[in-house]
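Engineer: Going by numbering that gives the first Met the number 0, 185 is the number at position 186 of the sequence shown; the sequence numbering is gapless.
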Amino acid sequence: MSPRIRKAVFPVAGLGTRFLPATKTVPKEMLPIIDRPLIQYAVDEAIEAGCDTLVFVTNRYKHAVADYFDKAYELEQKLERSGKTEQLELVRNVLPEGVRAVFVTQAEALGLGHAVLCAKAVIGDEPFAVLLPDDLIWNRGPGALKQMADAAEATGASMIAVQDVPREQTASYGIVATEAFAGRQGRIRAIVEKPQPDVAPSNLAVVGRYVLNPRIFSLLESTKPGAGGEIQLTDAIAALLAEESVNAYRFQGTRFDCGTHIGLIEATIRYALDHEKLSDSARQLMQNALSELGVEELG
Ligand code: UTP
């Protein structure tokens, strides 16, 4: 048994170059799926998993993320006065009561590993979660992080979310080699950042959800810049698994890579088709669009 995770780190200090020019002023994590920004989906998933302290690693240009989680007094007053109670609840529930948001700055985008290290002082000496908001994970049952937090609590091992990807895509991911899986978990033997398909140890790719033991911080402190000249979280995890068990966790759910154009489009379509108010019109307009373009109707 291991203590339950209470703290979650959201590294949101990347430059988001794949969404330029939008990300010139709008952080990638603030791009919406329907009416909620990506960061909100990740925050809800962390809260569902039991986290009450949310650590946002931002840069000095990303005021939008901090503003979003701040109280919006004037807006709330206006909504209250005009009797818009439903909208008022939406605005207030961005962060439920009892959940604390902490902001730390990553002065320079030196990589994901470096961003996680920036949260060290707030996390202290306890296991914690890392969520990358551009990996959006949809599931009808418990969220991916809750599944992992339950498993990590039972085993005490660090836990990394994985999914099978086509072999030709390994160079876009951290890739793990594992021992045989027992249920959804398999002990990691090796982890490599973005290997070419011919040298990749498997096609099991790391997805942006981690439950990590705090030992990772000292390993990050001695991690040298790796792939792309960045301090890679993957390299510190490789050092961690030389010392203790780190498990891969094949979560239940569908993951959308909202750090890419097509992933963001796919997530929007999926959430619209599953939306209680929008699904009928979304389906209709997709059929209209396809027939206008001369493509066969959806089944
Ligand atoms: P990405 O590899 O997606 O990089 O980072 P990016 O800068 O966000 O986007 P592109 O590739 O330029 O379009 C993975 C995660 O790590 C965070 C990012 O914010 C994202 O959540 N990150 C990355 C940091 O917080 N700091 C860094 O120095 C690098």
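Glycine residues also receive a C-beta, built at the ideal position from the N, C-alpha and C atoms. Computed from a predicted model, the values in this text were never measured in an experiment.
Going by DSSP in three states, Asn-287 sits in which element: helix, strand or coil?
Structural biologist: Counted from its first residue, the sequence shown places residue 287 at position 288. Residue state, collapsed to three classes: helix.
Engineer: Is Tyr-270 buried or exposed, if buried means 16 or more other CB atoms sit within 10 Å of its CB?
Structural biologist: On the sequence shown, position 271 is the one that residue 270 refers to. With 16 or more other Cβ atoms within 10 Å, it is buried.
Engineer: If you measure between the beta carbons of Val-64 and Leu-78, is that distance less than 8 Å?
Structural biologist: As a first step, residue 64 is located in the sequence shown; it is residue number 65 there, counting from the start. As a first step, residue 78 is located in the sequence shown; it is residue number 79 there, counting from the start. No, the Cβ-Cβ distance between Val-64 and Leu-78 is not below 8 Å.
Engineer: Using the Cβ count rule (16 or more neighbours within 10 Å means buried), how would you classify Gln-283?
Structural biologist: Start at 1 with the first residue of the sequence shown, and residue 283 comes out as number 284. The residue is exposed, with fewer than 16 neighbouring Cβ atoms inside 10 Å.
Engineer: Determine, for Val-25, whether the minimum Cβ-Cβ distance to residues of chain D falls below 8 Å.
Structural biologist: Considering every chain present, this structure includes no chain D. It has just one protein chain.
Engineer: Please confirm if the stretch 252-271 is in contact with the stretch 32-46, defined as three or more CB-CB distances below 8 Å between the two stretches.
Structural biologist: yes
Engineer: I want to know whether the stretch 235-244 touches the stretch 257-266 - three or more CB-CB distances under 8 Å.
Structural biologist: no
Engineer: Along the chain, which unbroken stretches of the alpha helix (DSSP H) at least 4 residues long are found entirely within the stretch 162-240?
Structural biologist: 214-220
Engineer: Provide the residue span of the alpha helix (DSSP H) that contains Lys-145, from first to last.
Structural biologist: As a first step, residue 145 must be located in the sequence shown, where it is residue number 146. Annotation for Lys-145: the continuous alpha helix (DSSP H) segment containing it runs 143-154.
Engineer: Going by the DSSP bridge assignment, what does Val-8 pair with across the sheet?
Structural biologist: Locating residue 8 in the sequence shown gives position 9, where the first residue counts as 1. BP columns for Val-8 point to Val-54, Val-129.
Engineer: In the DSSP assignment, find the alpha helix (DSSP H) that holds Thr-84 and state where it starts and stops.
Structural biologist: Reading the sequence shown from its first residue, position 85 is the one you call residue 84. Boundaries of the alpha helix (DSSP H) harbouring Thr-84: 84-91, taken from the DSSP string.
Engineer: Using DSSP's beta-bridge definition, name the partner residues of Tyr-248.
Structural biologist: Numbered from 1 along the sequence shown, position 249 holds the residue referred to as residue 248. Ala-160, Gln-184, per the DSSP bridge assignment.
Engineer: Kindly indicate the opening and closing residues of the alpha helix (DSSP H) around Leu-116.
Structural biologist: The sequence position of residue 116 within the sequence shown is 117, counting from 1. Note, Leu-116: alpha helix (DSSP H), 111-116.
Engineer: Three Cβ pairs or more, each shorter than 8 Å: is that satisfied between the stretch 114-132 and the stretch 5-15?
Structural biologist: yes
Engineer: Got a sec: does the ligand UTP put a non-hydrogen atom nearer than 7 Å to the Cβ of His-260?
Structural biologist: Working through the sequence shown from its first residue, we reach residue 260 at position 261. With a cut-off of 7 Å, the C-beta of His-260 is classified as distant from the ligand UTP, since no heavy atom of the ligand falls inside that distance.
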